[in-house]
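Just so you know, we're using the UniProt record's numbering here: the sequence shown kicks off at 1 and counts up by one. Encoded as C-alpha cells, the structure appears first; notes follow it.
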Amino acid sequence: MDTILVVNAGSSSLKFEVFSVASSLVRLIKGQMEGIGNAPHLTIKSAGGERLANENYPREDVPDLPAAMRLVGEWLRQRQEGRLIAVGHRVVHGGPNHSGPVRIDATLLRELEQYAPLAPLHQPNNLAPIRVLLERQPELRQVACFDTAFHRGHDPMTDHYGIPAHYFEEGVRRYGFHGLSYEYVAGRLTDIAPAVGKRRVIVAHLGSGASMCALHQGVSIECTLGFTALDGLPMGTRCGQIDPGVLLYLLQQHGMTAPQLQDLLYKESGLKGLSGISNDVRDLLASDETGARLALDHFVHRIGLNAGALAAALGGLDAFVFTAGVGENSPVMRARIAKKLEWLGASLDPARSEAGELLVSSDDSTVAIYVVPTDEELMIARHTLALIAA
Numbered sequence: 001m002d003t004i005l006v007v008n009a010g011s012s013s014l015k016f017e018v019f020s021v022a023s024s025l026v027r028l029i030k031g032q033m034e035g036i037g038n039a040p041h042l043t044i045k046s047a048g049g050e051r052l053a054n055e056n057y058p059r060e061d062v063p064d065l066p067a068a069m070r071l072v073g074e075w076l077r078q079r080q081e082g083r084l085i086a087v088g089h090r091v092v093h094g095g096p097n098h099s100g101p102v103r104i105d106a107t108l109l110r111e112l113e114q115y116a117p118l119a120p121l122h123q124p125n126n127l128a129p130i131r132v133l134l135e136r137q138p139e140l141r142q143v144a145c146f147d148t149a150f151h152r153g154h155d156p157m158t159d160h161y162g163i164p165a166h167y168f169e170e171g172v173r174r175y176g177f178h179g180l181s182y183e184y185v186a187g188r189l190t191d192i193a194p195a196v197g198k199r200r201v202i203v204a205h206l207g208s209g210a211s212m213c214a215l216h217q218g219v220s221i222e223c224t225l226g227f228t229a230l231d232g233l234p235m236g237t238r239c240g241q242i243d244p245g246v247l248l249y250l251l252q253q254h255g256m257t258a259p260q261l262q263d264l265l266y267k268e269s270g271l272k273g274l275s276g277i278s279n280d281v282r283d284l285l286a287s288d289e290t291g292a293r294l295a296l297d298h299f300v301h302r303i304g305l306n307a308g309a310l311a312a313a314l315g316g317l318d319a320f321v322f323t324a325g326v327g328e329n330s331p332v333m334r335a336r337i338a339k340k341l342e343w344l345g346a347s348l349d350p351a352r353s354e355a356g357e358l359l360v361s362s363d364d365s366t367v368a369i370y371v372v373p374t375d376e377e378l379m380i381a382r383h384t385l386a387l388i389a390a
C-alpha cells in the first residue's frame with residue numbers, strides 16, 4: 001500500500017494526516033503534536049476514531065518543530081503500514097509566481113524563505129519540516145501547496161495598492177490566503193449543486209483565522225486577505241483591516257518598535273484584543289461581559305461590510321457559503337451573520353441551520369446559503385498525488 005503524508009506546521013503544533021493511495025485517496029490516520037517546546041503531547045487517531053497514540057514527552061525531547069517532525073516521522077516508520085511515496089506540505093505563502101503546487105527542492109526552499117517577512121507567524125514554521133525531510137530523506141518527494149495559489153488568477157488591477165506602482169513589481173501586492181480551503185469548498189459546492197457552483201458565490205472561511213472570498217464560476221476574483229494574513233476581517237488574535245495611520249501613530253506617539261507592532265497586530269488584537277477575554281468565539285458567546293459582546297458584534301459587522309464589497313465585485317450574489325470552525329459549527333453565529341445578508345436576498349432557515357444541513361437557506365431565499373465543511377488536508381493530498389503522478 002502506497003501512502004501520502006500531509007503536514008501542516010504551526011508555531012507550537014505539528015498537524016499531520018496519512019492517506020492511502022489506491023483508486024482514490026483514503027484517510028488512514030490523523031495526528032497532532034501540541035505544546036512543542038513547552039509540554040509536548042502527541043495524539044494520533046485512526047480514521048475511525050481509534051486512539052493510536054496519546055503520549056507526553058519531556059520538553060527537552062521536543063524543543064522545536066524539527067524535533068517534532070523527526071519524532072513523528074519515526075513513529076510513522078515504526079507503526080504505519082505501507083510505503084510512503086510523498087509528503088505534501090501546507091505553505092502559506094507562495095509569492096507572486098506560483099499558481100499551483102510545486103515539487104520541493106533546495107532552490108524552491110530558498111525562494112520560499114524570502115517570503116517569511118510576509119507571513120512571519122506561518123512561513124518559517126511551514127518550512128521547518130521540509131528542511132528536516134530534505135536532510136534525512138532527500139530521495140522522498142515533497143510538494144509545497146500554497147494558500148496563495150488559488151488567488152493568482154486575479155485581475156492584476158485588483159491586487160494593486162494605492163502606492164507607487166513600482167512597489168507592486170517588488171512584490172507589495174494583494175496575495176490572498178486560505179486558498180486551499182477555498183479551492184476545496186469551490187469543488188465541493190460544484191459537486192453538491194453544479195449550477196450554483198458556477199455562479200456568483202461568496203465563501204466565508206471563519207475560524208481562528210478568518211477571511212472571505214468571491215468566486216465566479218468557481219474561480220477566485222477577490223479575497224479579503226491581502227499582502228499579509230492580517231488584512232480583512234478581525235480574527236482570533238489578528239487585527240484585520242486597519243487604517244495605516246494607526247500604525248504611524250503607534251510608532252510616533254507610543255514609540256513602539258516594529259517587533260512590538262508585529263506582536264500587537266498578530267497576537268494581541270482581533271477578538272482577543274477587543275474582548276479582553278478570549279480569542280475563541282465559543283468563550284465569547286458564553287460570556288455576559290461587555291467586551292465579549294463588542295468583539296462579536298464587531299466581527300459580524302465586518303463580515304457584513306465585506307460581504308457587500310464582494311457582492312459588488314461579483315455584480316450580485318447567488319450563494320453564500322459558511323466554512324471552517326465557526327462557520328461550520330456555530331448556528332448562532334450563522335444566524336447573526338445571515339441577518340447582515342438579508343438586503344442581498346439571503347434568508348436563513350434556523351431549523352435547517354440547527355440541524356446541520358448543507359443547504360440552510362429558507363425556501364423563499366433568493367440567495368442560497370450553504371454550510372460546506374472544508375478539508376484542506378485532502379486538498380493537499382490531491383495536489384501531491386496529481387503532481388507526483390504527472
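Glycine included, each C-beta is placed from N, C-alpha and C at the ideal position.
Query                                                                                                           : Result
Segment contact, 8 angstroms Cβ cut-off, at least three pairs: the segment 323-331 with the segment 203-213     : yes
C-beta atoms of R188 and F227 nearer than 8 angstroms                                                           : no
L271 versus G82: straight-line alpha-carbon distance, rounded                                                   : 44 angstroms
Beta-carbon proximity check, Y182 vs F146, cutoff 8 angstroms                                                   : no
Candidates E376, A368, F16, of which the one nearest S46 by Cα                                                  : F16
Delimiting residues of the beta strand (DSSP E) encompassing S20                                                : 14-21
Range of the contiguous alpha helix (DSSP H) that encloses F299                                                 : 290-314
D263 burial status per 10 Å Cβ neighbour count (16 or more: buried)                                             : exposed
Own chain, CB closer than 7 angstroms to E268, minus 5 neighbours either side, in chain order                   : T237
Presumed contact (8 angstroms Cβ cut-off) between I130 and H89, rounded CB distance                             : 6 angstroms
Assigned secondary structure, T323 (DSSP; H/G/I helix, E/B strand, else coil)                                   : strand
Beta-carbon gap between V87 and L133 smaller than 8 angstroms                                                   : yes
Boundaries (first-last residue) of the beta strand (DSSP E) holding D263                                        : Element bounds for D263: not the beta strand (DSSP E) but the alpha helix (DSSP H), 258-267.
Residue closest to L341, alpha-carbon to alpha-carbon, out of E354, V321, L76                                   : V321
Those runs of the beta strand (DSSP E) which lie wholly inside the segment 169-217 and span at least 3 residues : 200-206, 210-216
The segment 149-166 / the segment 89-102 touching (three or more Cβ pairs under 8 angstroms)                    : yes
Under 8 angstroms between C-beta atoms of M1 and S20                                                            : yes
Three-state secondary structure (DSSP) of H254                                                                  : coil
C-alpha gap between I303 and L230, whole angstroms                                                              : 15 angstroms
Distance, E376 Cα to A22 Cα                                                                                     : 20 angstroms
Unbroken alpha helix (DSSP H) run spanning V371, endpoints                                                      : That residue, V371, is in no alpha helix (DSSP H); its beta strand (DSSP E) goes 368-371.
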